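Heads up: the sequence shown begins at 1 in the UniProt record's numbering, then just goes up one per residue.
Quick reminder that beta carbons are idealized off the backbone N, C-alpha and C, glycines included.
Treat the numbers as computed from the prediction; the structure is a model and nothing was measured.
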Amino acid sequence: MPLPTHVRLIEVGPRDGLQNEAQPISVADKVRLVDALSAAGLGYIEVGSFVSPKWVPQMGGSAEVFAQIQRKPGVTYGALAPNLRGFEDAIAAGVKEVAVFAAASEAFSQRNINCSISESLARFVPIMEAAKQHGVSVRGYVSCVLGCPYEGHVAPEQVALVARELYAMGCYEVSLGDTIGTGTAGATRKMFEVVSADVPREKLAGHFHDTYGQAMANIYASLLEGIAVFDSSIAGLGGCPYAKGASGNVATEDVVYLLNGLGIETGIDLDALILAGQQICSVLGRPTGSRVAKARSAQ
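Put into structure tokens, the structure is as follows:
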């Protein structure tokens, strides 16, 4: 299968990246990050999450962030809305696209959202109905597609079952996430091969963590399977609070560098992207997780 000529990146740094930070991050800094990512050419930015601040304190100011960002034409500013209350709050904040999430692992589902996979999917039904009424698009996430911190191996057929349910209920795209970063290129290709029998490849995306240093190899393996949408996080920020030892998402800078080298179009300015990563890492008081940014700064 030929490599895609264009790849769409879903920037999850402002949400998935920042939600695990221990230190408070101001609304102004979040707005500055989102605006910098827009200026760099990202076409989709997951800005925040409409969940209880009790569970995810860093996402407590999502409505304020949406109110203050400079929205560029053609850019989608999405948010996580895992329940109907969250969806309603997202709509009130002017969000035009939301995301819901389920797990491919029963144990992870119980630890993460305190319910079974089937129960979690049932919770999305009223969200899908409300989204249709408001003309809002819904994107689906499936976590632990290549391994679970509690169950270990996750069968591709189980991933396909959950992805199929999300797609059938109306998610226009389903992102398959290697939450603990244990996946390998061969397992990645097998997983997409199995899932694509139920959900078209053009409706699938990859979401890889770099815990075992395999994210870039897994992205290339996904490209070989015809996958042309990937989630990534500026400076490699993020992790998973329910997956011990899971390091950050793959860095957006590194993915863009890979795609540039393959001659695949993204529309993203790598230099502007690196600068955006340096700025947020300065706020956080930590080095970037992007290998490309580190290499560039050392030159």
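(request) For VAL250, name the three-state secondary structure that DSSP assigns. (result) coil
(message) Just verifying my parser: in three-state terms, what is the DSSP assignment at SER62?
(response) helix
(message) Quick check: the region 275-289 against the region 19-33, are at least 3 beta-carbon pairs closer than 8 Å?
(response) yes
(message) Determine whether the beta carbon atoms of ASP210 and GLY181 lie at a separation below 8 Å.
(response) yes
(message) Suppose contacts are defined by Cβ-Cβ distances below 8 Å. Is GLN10 in contact with ASP231 by that definition?
(response) Gln is not the amino acid found at residue 10; the sequence shown has Ile there. Yes, Cβ-Cβ distance for ILE10 and ASP231 is below 8 Å.
(request) Mind reading off the beta-carbon distance from GLY177 to SER143? Whole number of angstroms is fine, and I expect it under 8 Å. (result) 5 Å
(request) Go ahead and label ARG139 buried or exposed: buried means 16 or more other beta carbons lie within 10 angstroms of its beta carbon, across all protein chains shown. (result) buried
(request) Inspect the beta-carbon positions of ILE45 and TYR77 and report whether they are closer than 8 Å. (result) yes
(message) Tell me whether the region 245-264 and the region 208-228 touch, counting them as touching only if at least three CB pairs, one residue from each stretch, are closer than 8 Å.
(response) yes
(message) If the criterion is Cβ atoms closer than 8 Å, does the pair ILE91 and VAL136 meet it?
(response) yes
(message) Checking 8 Å against the spacing of the C-beta atoms, do GLN278 and ALA295 come in under that value?
(response) no
(message) Please report the distance separating the alpha-carbon of ASN114 from that of ALA298.
(response) 45 Å
(request) Using only alpha-carbon positions, find the residue among ILE227, THR184, LYS190 that is nearest to PRO200. (result) ILE227
(request) Please name the residue or residues paired with ASP76 in a DSSP beta bridge. (result) At residue 76 the sequence reads Thr, which differs from the Asp that was named. Per DSSP, TYR44.
(message) List, from N- to C-terminal side, the alpha helix (DSSP H) runs of 4 residues or more that fit wholly inside the region 116-151.
(response) 117-134
(message) Quick check: the Cα distance between VAL7 and THR266, rounded to an integer number of angstroms?
(response) 6 Å
(message) Distance check for GLU157 and VAL75, CA to CA, integer angstroms please.
(response) 34 Å
(request) Report all residues from its chain with a CB closer than 7 Å to the CB of GLY86; omit the five preceding and five following residues, and keep chain order. (result) PHE50, VAL51
(request) Hey, could you find the ends of the beta strand (DSSP E) ARG8 is sitting in? (result) 8-11
(message) Let me confirm a value: GLN133 is counted as buried when at least 16 other C-beta atoms fall within 10 Å, else exposed. Which label applies?
(response) exposed
(request) Verify whether the separation of the beta carbon atoms of LEU84 and GLN58 is less than 8 Å. (result) no
(message) Going by C-alpha to C-alpha distance, which of GLY238, TYR220, VAL34 sits closest to ILE264?
(response) TYR220
(message) With distance defined between alpha-carbon atoms, name the residue in PHE66, GLN68, LEU161 nearest to SER105.
(response) LEU161
(message) Tell me the DSSP secondary structure of ALA163 in three-state form.
(response) helix
(request) Grab me the residues of TYR242's own chain with a C-beta within less than 6 Å of its C-beta, minus the 5 sequence neighbours each way, in chain order. (result) Confidence is the limiting factor: at TYR242 the pLDDT is only 47, short of 50, which leaves the residue's position unreliable, though a coordinate-based value still follows. Contacts found: ARG111, ASN112.
(message) Is it buried or exposed, PRO4, if we count other Cβ atoms within 10 angstroms and call 16 or more buried?
(response) buried
(request) Report yes if the C-beta distance between LEU237 and GLY13 is below 8 Å; otherwise report no. (result) yes
(request) Mind checking who GLY236 pairs with in its DSSP beta bridge? (result) In DSSP, GLY236 forms no bridge with anything.
(request) Please work out which residues of its chain come closer than 7 Å, Cβ to Cβ, to THR188, disregarding the five sequence neighbours upstream and downstream, and give them in chain order. (result) LEU146, ASN218, ALA221, SER222
(request) Determine the extent of the beta strand (DSSP E) in which SER175 is found, giving its start and end residues. (result) 173-178
(message) Taking 8 Å as the threshold (C-beta atoms), are VAL159 and VAL195 in contact?
(response) yes
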